[in-house]
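Engineer: Before I ask anything, let me first share the structure, which is written out below as structure tokens.
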Amino acid sequence: MLLKMLISLSVLSTVINLTTSQSCTKKRRDKYKYDTRTESYCCAGYVMRNNECVSACVPNCPANSRCTNVNKCTCNYGYTSTTSIPRDIVCEPKCTAGCQPHSTCTQPETCTCDSGYERRRGDGICEPICEERCSEHAICTAPDTCSCVEGYKLNEDLKECVPECQYGCDTTTNTIETGGAAQSLRMTIDGLIFAVFMSAAFV
33 MLLKMLISLS VLSTVINLTT SQSCTKKRRD KYKYDTRTES YCCAGYVMRN NECVSACVPN
93 CPANSRCTNV NKCTCNYGYT STTSIPRDIV CEPKCTAGCQ PHSTCTQPET CTCDSGYERR
153 RGDGICEPIC EERCSEHAIC TAPDTCSCVE GYKLNEDLKE CVPECQYGCD TTTNTIETGG
213 AAQSLRMTID GLIFAVFMSA AFV
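Per our numbering, residue 33 is the first one in the sequence shown, and the count goes up by one each step.
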């Protein structure tokens with residue numbers, strides 16, 4: 033029994049000696065690699081576009097305008113706003129010289145005739161279009177509307193423009209004696225139709 037104990041102690045002593053002799057003799061060194069990354073963030077009211085912070089407009093600006101400040105839209109060149117409220121602007125084309133009657137500014141410095149009108153001359157005036165040609169002594173004054181010229185009025189029965197008498201027409205019969213010849217002239221009320229009766233006395 034004693035012998036077994038001595039052998040066990042001897043083995044334990046050997047293990048301790050081996051462990052002590054194999055311990056680390058160099059200091060531990062750790063290596064670290066640092067990775068640097070830069071991230072950019074836009075302040076409130078701005079958004080990132082092409083690596084730059086630009087003003088943000090929410091909702092987006094309407095047609096023919098651009099965002100120039102936080103929630104502020106400005107009309108593009110050649111357009112003007114019809115309201116002073118920055119976020120509610122409506123940009124419409126601007127024609128510096130204005131447009132002629134019956135035409136509208138549709139693009140910057142460009143006037144377009146309204147529906148039913150067209151330019152027929154080089155003066156830029158928009159004239160009405162009458163699909164059916166107006167009758168004699170009448171002109172086209174509005175789209176598909178003909179009106180009698182001055183001195184004429186519309187005869188509803190004939191659908192034509194007929195002369196009108198400013199002071200009315202005399203309906204009596206006048207006789208003029210000329211060199212033995214009698215001439216009788218009779219006119220109708222509207223002054224359109226007249227009959228001439230002539231009688232001659234020969235000597």
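Using N, Cα and C, we set each Cβ at its ideal position, and we do this for glycine too.
Does the structure place the segment 172–183 close enough to the segment 151–160 that three or more beta carbon pairs sit under 8 Å?
Structural biologist: Yes: at least three Cβ pairs fall under 8 Å.
Engineer: Would you call the CB atoms of residue 186 and residue 197 closer than 8 Å?
Structural biologist: The residue given as residue 186 occupies position 154 in the sequence shown. The residue given as residue 197 occupies position 165 in the sequence shown. In this structure, residue 197 does not lie closer than 8 Å to residue 186 by Cβ.
Engineer: Work out the CA separation of residue 188 and residue 168 for me, nearest whole Å.
Structural biologist: Taking the first residue of the sequence shown as 1, we reach residue 168 at position 136. Taking the first residue of the sequence shown as 1, we reach residue 188 at position 156. One C-alpha to the other measures close to 15 Å.
Engineer: Distance, Cα to Cα, residue 127 vs residue 92?
Structural biologist: The residue given as residue 127 occupies position 95 in the sequence shown. The residue given as residue 92 occupies position 60 in the sequence shown. Spanning the two alpha carbons is a distance of roughly 26 Å.
Engineer: Which value, in whole angstroms, describes the spacing of the CA atoms of residue 79 and residue 137?
Structural biologist: Taking the first residue of the sequence shown as 1, we reach residue 79 at position 47. Taking the first residue of the sequence shown as 1, we reach residue 137 at position 105. If you take the alpha carbons of residue 79 and residue 137, they lie about 35 Å apart.
Engineer: To the nearest angstrom, how far is the alpha carbon of residue 218 from that of residue 165?
Structural biologist: As a working note, residue 218 is residue 186 in the sequence shown. As a working note, residue 165 is residue 133 in the sequence shown. Reliability fails at residue 218, whose pLDDT of 39 lies under 50, so the model's placement of it is uncertain and the value that follows must be treated cautiously. Each residue's Cα considered, the two are about 35 Å apart.
Engineer: For residue 211, does the three-state DSSP call read helix, strand or coil?
Structural biologist: Walking along the sequence shown from the start, residue 211 turns up at place 179. Confidence is the limiting factor: at residue 211 the pLDDT is only 40, short of 50, which leaves the residue's position unreliable, though a coordinate-based value still follows. In the structure shown, residue 211 sits in coil (DSSP, three-state: anything other than H, G, I, E or B).
Engineer: Is it the case that the Cβ atoms of residue 135 and residue 120 are separated by a distance below 8 Å?
Structural biologist: Within the sequence shown, numbered from 1, the residue matching residue 135 stands at position 103. Within the sequence shown, numbered from 1, the residue matching residue 120 stands at position 88. Taking 8 Å as the Cβ cut-off, residue 135 and residue 120 do not qualify as a contacting pair.
Engineer: Identify which residue in 68, 77, 133 has its Cα closest to the Cα of residue 101.
Structural biologist: Counted from its first residue, the sequence shown places residue 101 at position 69. Checked all of 68, 77, 133; the closest Cα to residue 101 is 77.
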